[in-house]
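Written below as structure tokens is the structure these notes are about.
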Amino acid sequence: MSPKGRPEGEYRSAQHKGSPVGALRGEEAVVTAYIIRRLWQMIPTMLGVILLVFILFNWVGGDPAYVLAGKIANQEQIDNIRRQLGVDQPVWVQLWIFIKQVLTADFGASWSTNERVSNILATRLGPSLTVLVPLLILDTMFAIGLALAVAYVRGSLTDRLVMIVCTIGLSISVLVYIIVFQYFFAYKLGWFPVQGWGNSFRENLLVFSALPILIALTVSIAPNLRLYRTFFLDEINQDYVRTARAKGLSENRIMWIHVLRNASIPIITHLMAGLPGLLLGAFLIERFFSIPGIGREVILAVERSDFPVIKALTVYVAFATMASNLLADLMYKAADPRVQLK
Amino acid sequence: MIALPLRTVVGASALAVSLALAGPAIAPAAAADMDKVIRHVFPAGEEGFDPAAAHDLYSGTVEQAIFDTLLTYDYLARPAKLVPLAAEALPQVSDGGQTYTLKVRKGIFFTPDPAFKGAKRELVADDFVYSWKRLMDPKVRSPWTWLFAGKIVGLDEAAERAKTSGRFDYDAKIAGLEALDRYTLVIRLKQPDYNLPYVLAHEPTSAVAREVVAAYADEGGRVMSNPVGTGPYRLAKWIRSSKIILEANPDFRGFVWDFKPGPGPEDAQIVKEMKGKKMPQVGRIEISIMEEDQSRLLAFQNGELDLMNMEGPLAPKVLNGGTLTPDMQKKGVKLSRFVDPELTYHYWNLTDPVVGGLSKEKIALRRAMAMAYPVEEEIKVVRNGQAVEAQFPIPPGVVGHDPAYKSSIRYDPAGANALLDKFGYRKGADGWRTLPDGKPLVIRYASRPESVGRQLDEMWKKAFDAIGIRMEVQKEKFVELLKLEKQCKLMMRTAAWIADYPDADNFMQLLYGKNIHQSNNACAAIPEYDKLYEQSLRTPDSPERNRLYHEMAKIIEAYAPWRLDISRYRNMLVQPRVLGFKKHPILHAEWQYIDVAAGAK
Numbered sequence: 002m003s004p005k006g007r008p009e010g011e012y013r014s015a016q017h018k019g020s021p022v023g024a025l026r027g028e029e030a031v032v033t034a035y036i037i038r039r040l041w042q043m044i045p046t047m048l049g050v051i052l053l054v055f056i057l058f059n060w061v062g063g064d065p066a067y068v069l070a071g072k073i074a075n076q077e078q079i080d081n082i083r084r085q086l087g088v089d090q091p092v093w094v095q096l097w098i099f100i101k102q103v104l105t106a107d108f109g110a111s112w113s114t115n116e117r118v119s120n121i122l123a124t125r126l127g128p129s130l131t132v133l134v135p136l137l138i139l140d141t142m143f144a145i146g147l148a149l150a151v152a153y154v155r156g157s158l159t160d161r162l163v164m165i166v167c168t169i170g171l172s173i174s175v176l177v178y179i180i181v182f183q184y185f186f187a188y189k190l191g192w193f194p195v196q197g198w199g200n201s202f203r204e205n206l207l208v209f210s211a212l213p214i215l216i217a218l219t220v221s222i223a224p225n226l227r228l229y230r231t232f233f234l235d236e237i238n239q240d241y242v243r244t245a246r247a248k249g250l251s252e253n254r255i256m257w258i259h260v261l262r263n264a265s266i267p268i269i270t271h272l273m274a275g276l277p278g279l280l281l282g283a284f285l286i287e288r289f290f291s292i293p294g295i296g297r298e299v300i301l302a303v304e305r306s307d308f309p310v311i312k313a314l315t316v317y318v319a320f321a322t323m324a325s326n327l328l329a330d331l332m333y334k335a336a337d338p339r340v341q342l343k
Numbered sequence: 006m007i008a009l010p011l012r013t014v015v016g017a018s019a020l021a022v023s024l025a026l027a028g029p030a031i032a033p034a035a036a037a038d039m040d041k042v043i044r045h046v047f048p049a050g051e052e053g054f055d056p057a058a059a060h061d062l063y064s065g066t067v068e069q070a071i072f073d074t075l076l077t078y079d080y081l082a083r084p085a086k087l088v089p090l091a092a093e094a095l096p097q098v099s100d101g102g103q104t105y106t107l108k109v110r111k112g113i114f115f116t117p118d119p120a121f122k123g124a125k126r127e128l129v130a131d132d133f134v135y136s137w138k139r140l141m142d143p144k145v146r147s148p149w150t151w152l153f154a155g156k157i158v159g160l161d162e163a164a165e166r167a168k169t170s171g172r173f174d175y176d177a178k179i180a181g182l183e184a185l186d187r188y189t190l191v192i193r194l195k196q197p198d199y200n201l202p203y204v205l206a207h208e209p210t211s212a213v214a215r216e217v218v219a220a221y222a223d224e225g226g227r228v229m230s231n232p233v234g235t236g237p238y239r240l241a242k243w244i245r246s247s248k249i250i251l252e253a254n255p256d257f258r259g260f261v262w263d264f265k266p267g268p269g270p271e272d273a274q275i276v277k278e279m280k281g282k283k284m285p286q287v288g289r290i291e292i293s294i295m296e297e298d299q300s301r302l303l304a305f306q307n308g309e310l311d312l313m314n315m316e317g318p319l320a321p322k323v324l325n326g327g328t329l330t331p332d333m334q335k336k337g338v339k340l341s342r343f344v345d346p347e348l349t350y351h352y353w354n355l356t357d358p359v360v361g362g363l364s365k366e367k368i369a370l371r372r373a374m375a376m377a378y379p380v381e382e383e384i385k386v387v388r389n390g391q392a393v394e395a396q397f398p399i400p401p402g403v404v405g406h407d408p409a410y411k412s413s414i415r416y417d418p419a420g421a422n423a424l425l426d427k428f429g430y431r432k433g434a435d436g437w438r439t440l441p442d443g444k445p446l447v448i449r450y451a452s453r454p455e456s457v458g459r460q461l462d463e464m465w466k467k468a469f470d471a472i473g474i475r476m477e478v479q480k481e482k483f484v485e486l487l488k489l490e491k492q493c494k495l496m497m498r499t500a501a502w503i504a505d506y507p508d509a510d511n512f513m514q515l516l517y518g519k520n521i522h523q524s525n526n527a528c529a530a531i532p533e534y535d536k537l538y539e540q541s542l543r544t545p546d547s548p549e550r551n552r553l554y555h556e557m558a559k560i561i562e563a564y565a566p567w568r569l570d571i572s573r574y575r576n577m578l579v580q581p582r583v584l585g586f587k588k589h590p591i592l593h594a595e596w597q598y599i600d601v602a603a604g605a606k
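Chains as they are written, first to last, in my numbering: chain U, 2 to 343; chain R, 6 to 606.
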């Protein structure tokens, strides 16, 4: 048997020698060394990200001074703005400022609104996560549960019907879901508010996020269900499942304990790969439902060529991606102790 | 409204005639009912609320509710008419239009704020002097510098000194900007400027308190998030780009609603609903930012919004041409509709080697392109019927507009083809025309990568195909378009200009040669036009000035730096519970003039 879905770590069968305590300590040391090594590897990766973002922005990002100068401005005023923003500095100076900002985690203020970037992230992440975290939990639970169920009855009419529904669901644009759901469930039926955001977490979660979560769940569950189903089918066809059946284990135990455990590694990979996306919010959902989340800020920052905000978000997402990959590797180990980190 | 005594206007008498109006009478404060709520919507986020620093429409709307300018516009008068606000009366003009004297109304106080350290802070003339200096402070990098730049004696020099020293000296006396005493303000101009009163009604010239700037300014000397003004409302809560809550300023001086109705039943009904009421009536304004058309419309139809501007793409859903659909009428929804004081036009860069220049064959090329463009089709297809064709470079609602004027440039593809043939733009074997010297002729049309931009691409492609001219589309982000435009590097683009103030000059300056690299995006330097424009600056609003504008309009048609396109309708949807609402063409915020029906809180 070989664990699947391993983007970062490599694995080999564990062969513990000596006493169990000694083996445990040895294992801890290996994990610690692995984490330190991976953290070190983040430095050149982050430098690469910084360089790439810097080159891309300077190449295609646009010059915000012309917008900030207003309707009627002369070149002198535009130059004054460029000087204040620092975009008149030599390229290497601007790059060094970027690196210092990353090191100090201080990206200054938005060029267009003068709001501190730290404040933008602090105030916009909450609303995005209010929608996305419950969505992630619900989506994972439903997709895994349904995928396991249809994998269990693979080839049956139910399985085929579910797959057809999933394929149709996948083919429809998220925009259609939003427009139709908002029109019927919010406007026509009045089950939810059409849009808005309240003052308390409870109100936001239970009242204003309900329809956005429902829509996002409808959109995301179909591809995830199909994906997880293939993970489960891969496992169901393995020899160990036949052996378990031959030993007389119940189907429930085989599916929920053995199959689920062995399929968990690619599922973890998939889930962890999606985690950094939480930092980017859900742009369309946030726009349609007037949720003051980070997704709207991302688009506004790009539209306004607001480089401090773009820089901060890119760096944080890059860091979150690397961190979630590391976390995923550690979770492989937790899910399957035979996995060895090296 | 009790009329204040009119001031005698000295000097520029023509201006005096147009400005001779008094402001609203002061009423006991705190008339507002905090249970009365108006729910408004913006389709885009706001920058912040520093009158000197923010330059988007939505920030300006909120600023108008929080701050006071010296002058404002009469709520019902059309065309827009200036009346005093923080000033006691309209300005006295002397020295042949070069000196303006205004008295700040006594007893106006800023909203209490910790910046004032517990003292009650009265608005004085020095507050305006300080606020206007901020527009010129390089550190603030105000987008409104142009309102005063080059106009006031000594102000540009003060700004120059600030560039050298790195600090604007707010304490230094400026000859052209003087507070003679606590309430008297004198403005001395370098040359007569008959538009200055309009500038004094524009929200960037609102009064801010120096103590507030000292207490809350950011690194750029801007106070975007702590607006403290003397207006009818104060900022109670702000979630950036999401929610803005305004509450009635309990210390606001108030006024009694007494505006004179114009002709027509709409104004009569408004007067019936509002006359004699102490204002403001509405205690709370809740503004939501909703970027999506569908969300705004559904929220309005669901009763979650009271006021909503109906943008073009939504219009067919609730409008049959210029009236509400029966469904909306049945719900009692009201429509406040007029042609916006704005102009959309297509321009060609007159410094471009292909389409630019003042030679006959270049003029013929531009005129042919202008004649090939079907404006009526654009109104129908792109604008959903929510626009009128522009015939004159000064749009409706703006002083100097002539509704009877008809442009000589008409949609005439056959005429356009004949013109091109005549001037040597011959068609090759492939069906496409070449330049008179035989070189390829390709027009590069620049636009934004959004839906209206794409629709205009298609409209122009069709027009160019009809006259055998190859067209390429140059897609750029808005910021890049602005940059290339100001550098005169675009060949052709569609642009729009909305009135900052309702005077012809705000539009006619768009083709003035000295405004190249600023607002003259056609990069046009046409000597005859420039001469007439300079003459118009020296002439107050009068038949003589209108004659100059007619001549300038003819020059635009003759040289064709522009193809006049459209002016769009403003359609404001109003819930039946809202009383006294009429969209003003220049004012952004009408909340202080309206009410909510009893029992409909």
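Every residue, glycine too, gets a C-beta built ideally from N, C-alpha and C.
Cβ-based burial, residue i [other Cβ within 10 Å; buried from 16]
i                     : result
residue 338 (chain U) : exposed
residue 504 (chain R) : buried
residue 80 (chain U)  : exposed
residue 231 (chain U) : exposed
residue 408 (chain R) : exposed
For residue i, three-class secondary structure by DSSP
i                     : result
residue 357 (chain R) : coil
residue 233 (chain R) : coil
residue 464 (chain R) : helix
residue 432 (chain R) : strand
residue 111 (chain U) : coil
residue 445 (chain R) : strand
residue 310 (chain R) : coil
residue 392 (chain R) : strand
residue 601 (chain R) : strand
residue 1 (chain U)   : Since the first and last residues shown for chain U are 2 and 343, residue 1 (chain U) lies out of range.
residue 284 (chain R) : strand
residue 525 (chain R) : strand
residue 88 (chain R)  : strand
residue 264 (chain R) : coil
residue 114 (chain R) : strand
residue 258 (chain U) : helix
N- and C-terminal bounds of the beta strand (DSSP E) containing residue i
i                     : result
residue 574 (chain R) : 567 to 579
residue 43 (chain R)  : 38 to 47
residue 127 (chain R) : Premise fails: residue 127 (chain R) is in no beta strand (DSSP E) and is neither H nor E.
Chain-ordered neighbours of residue i on chain R, where CB pairs are closer than 9 Å
i                    : result
residue 97 (chain U) : Those within 9 Å of residue 97 (chain U) in chain R number zero; the least Cβ separation is about 20 Å.
DSSP bridge partner residues for residue i (one or two, in chain order)
i                     : result
residue 452 (chain R) : R:480
residue 351 (chain R) : R:499 and R:568
residue 98 (chain R)  : R:105
residue 291 (chain R) : R:44 and R:250
residue 244 (chain R) : R:248
Residue interval of the alpha helix (DSSP H) (run including residue i)
i                     : result
residue 312 (chain U) : 308 to 336
residue 246 (chain U) : 240 to 247
residue 251 (chain R) : First-last for residue 251 (chain R): 248 to 253, but that is the beta strand (DSSP E), not the alpha helix (DSSP H).
Within chain R, the residues that residue i reaches when beta carbons sit closer than 8 Å
i                     : result
residue 65 (chain U)  : 484
residue 114 (chain U) : 52, 53, 229 and 245
residue 293 (chain U) : 244, 245, 246, 247 and 248
residue 187 (chain U) : 303 and 307
Residues that residue i contacts on chain R, provided the C-beta gap is smaller than 7 Å
i                     : result
residue 302 (chain U) : Simply none; closest approach about 11 Å.
Contacts of residue i in chain U (Cβ-Cβ under 7 Å)
i                     : result
residue 522 (chain R) : 75 and 76
Distance cut-off 7 Å: residue i Cβ against heavy atoms of the ligand ADP
i                     : result
residue 202 (chain R) : The model on display carries no ligand, and the ligand ADP is accordingly not part of it.
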